[in-house]
Amino acid sequence: MPDFNTITLSDEVRAAINAGRPVVALESTLLAHGLSYPANIELAREVDAIVRDAGAVPATVAVIRGLPTIGLDDEAMAILTQNPGISKLSARDLAIAMGTGIDGATTVASTAALAAAVGISVFATGGLGGVHRDARESFDESADLATLARAPIVVVCAGVKSLLDISATLERLESLNVAVAGYRTNRFPGFYRRDSGYPVDWSLDNVASVARVAHARTALRRSGVAGADGALVLANPLPEGSELDASVHDEALASGLAEAARLGIRGKAVTPFLLGHFHAATGGESLRVNLEIIRRNARLAAEIAVAIAEEGR
61 MPDFNTITLS
71 DEVRAAINAG
81 RPVVALESTL
91 LAHGLSYPAN
101 IELAREVDAI
111 VRDAGAVPAT
121 VAVIRGLPTI
131 GLDDEAMAIL
141 TQNPGISKLS
151 ARDLAIAMGT
161 GIDGATTVAS
171 TAALAAAVGI
181 SVFATGGLGG
191 VHRDARESFD
201 ESADLATLAR
211 APIVVVCAGV
221 KSLLDISATL
231 ERLESLNVAV
241 AGYRTNRFPG
251 FYRRDSGYPV
261 DWSLDNVASV
271 ARVAHARTAL
281 RRSGVAGADG
291 ALVLANPLPE
301 GSELDASVHD
311 EALASGLAEA
321 ARLGIRGKAV
331 TPFLLGHFHA
341 ATGGESLRVN
351 LEIIRRNARL
361 AAEIAVAIAE
371 EGR
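So the working numbering is basically just the index in the sequence shown, starting at one, shifted up by 60.
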């Protein structure tokens with residue numbers, strides 16, 4: 061059973077989990093570090109409304125005053141969105157954040173870990189972290205991957221950002237027994253682009269199919285079958301006409317990588333640097349695409365959560 065003494069849930073989220081109603085976990089890093097106030101709080105309210113309109117309960121995850129919290133009230137949301145210096149917390153950082161009583165925004169890894177721990181079955185995010193392009197020298201790999209190997213949750217995402225080594229990331233997910241499927245596609249999306257250039261082994265064409273797969277993985281896990289403990293990554297590509305133009309994307313990526321190398325930027329500083337470079341180099345188009353991804357994934361995640369709840373009745 062979930063330990064509700066360690067993880068704080070809003071009354072609405074707790075009631076929904078206890079009643080078996082659909083809940084969608086939402087990470088908070090984009091709100092804290094990807095957008096400034098008040099654009100971030102406006103996006104949070106918009107995404108909440110999208111999830112509710114689709115029939116599920118939104119559950120934004122963060123650490124507030126040292127307490128892992130799922131479902132934020134107005135005060136907690138203000139702490140998250142109006143504090144530019146708020147910490148970014150991965151799964152490994154949770155105990156330190158709790159022990160020191162700090163506030164923090166949760167990454168894919170920490171959001172998935174906390175949500176799965178309390179029985180939330182679906183999590184919506186933009187894109188996964190992955191293996192970095194210079195990993196042969198830096199050994200830089202996002203904690204998202206290893207955490208998803210141990211978090212039984214459906215993760216709706218737009219694949220992996222092209223800033224990363226997508227081929228190596230897919231190989232690591234396979235090695236870690238993390239299931240990957242495309243939603244109505246047999247191509248793995250590259251976040252800003254519909255097609256990263258790499259295939260996926262499986263394609264699921266409707267939310268009912270996703271729900272059946274989620275229940276099957278739960279059944280395997282409860283039977284003690286090895287390899288069924290991890291997440292199902294559902295890669296949801298942008299529709300045609302919404303992706304970043306290929307030439308704009310490729311030019312921004314090449315110039316960003318070159319500038320990062322020139323400045324000696326490495327490790328965890330690379331991704332935020334490149335995201336900022338993309339925003340400037342594309343005249344804000346990358347942010348438009350990012351926000352559309354967030355909205356679309358929240359809607360699909362809510363529909364899947366509803367289907368999982370209905371399948372379980």
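Here a beta-carbon is modelled for each residue, glycine too, at the ideal position from N, C-alpha and C.
In this text the structure is predicted, and so the values were computed from the model without any measurement.
query                                                                                                                                   : result
Reference A116; option with closest CA among L334, D255, E363                                                                           : E363
Member of R74, L313, T160 whose CA lies at the smallest distance from the CA of Y252                                                    : L313
Three-state secondary structure assigned by DSSP to G126                                                                                : coil
Contacts around A358, its chain only, beta-carbon distance under 6 angstroms, and the 5 residues preceding and following it disregarded : V107, I110, V111, A184
Closest residue to A165 among T229, A209, L86 (Cα-Cα distance)                                                                          : L86
Reduced DSSP secondary structure (H/G/I, E/B, other) of T278                                                                            : helix
C-beta atoms of V216 and L294 nearer than 8 angstroms                                                                                   : yes
Distance between A211 and N78 (C-alpha atoms, nearest Å)                                                                                : 20 angstroms
Enclosing alpha helix (DSSP H) for G159 [first to last residue]                                                                         : 154 to 160
The region 138 to 156 touching the region 83 to 97, judged by at least three CB pairs closer than 8 angstroms                           : yes
Alpha helix (DSSP H) runs wholly inside the region 70 to 107, at least 4 long, in chain order                                           : 71 to 79
Cβ-Cβ distance between L224 and N296 below 8 angstroms                                                                                  : no
Segment limits, alpha helix (DSSP H) that includes G316                                                                                 : 306 to 323
Exposure label - G159; buried when at least 16 CB within 10 Å                                                                           : exposed
Candidates E345, I146, D134: closest to G126 by CA position                                                                             : I146
Those residues which DSSP pairs with R348 across a bridge                                                                               : DSSP output for R348 lists no bridge partner at all.
Residues that Y258 bridges to, as DSSP identifies them                                                                                  : F248
Exposed unless 16 or more other CB atoms sit within 10 angstroms - verdict on P82                                                       : buried
Reference L154; option with closest CA among F333, S181, G190, T207                                                                     : T207
Rounded straight-line distance, which links the Cα of D204 to that of A365                                                              : 21 angstroms
Beta-bridge partners of P118, as assigned by DSSP                                                                                       : V84
Beta-carbon contacts of V182 that lie in its chain and below 6 angstroms, excluding the five residues immediately before and after      : V84, V214, A361, I364, A365
Reduced DSSP category for V220 - H, G, I as helix; E, B as strand; rest coil                                                            : strand
C-alpha distance - S302 paired with G80, whole-angstrom precision                                                                       : 35 angstroms
T342 - containing alpha helix (DSSP H), residue span                                                                                    : Where T342 is concerned, there is no enclosing alpha helix (DSSP H), given that its DSSP letter is neither H nor E.
Endpoints, beta strand (DSSP E) assigned at L233                                                                                        : L233 -> not in any beta strand (DSSP E); alpha helix (DSSP H) instead, spanning 226 to 235.
D261 CB to nearest heavy atom of the ligand HEM below 7 angstroms                                                                       : Among the ligands in the structure shown, none appear at all, so the ligand HEM cannot be discussed.
Boundaries (first-last residue) of the alpha helix (DSSP H) holding T171                                                                : 168 to 177
Three-state secondary structure assigned by DSSP to I354                                                                                : helix
Environment of R105 [buried if 16+ CB atoms lie within 10 Å]                                                                            : exposed
Inter-residue Cα distance where the pair is D255 and V349                                                                               : 14 angstroms
As assigned by DSSP and simplified to three states, the class of T185                                                                   : coil
CB contact flag (K148, T89, <8 angstroms)                                                                                               : yes
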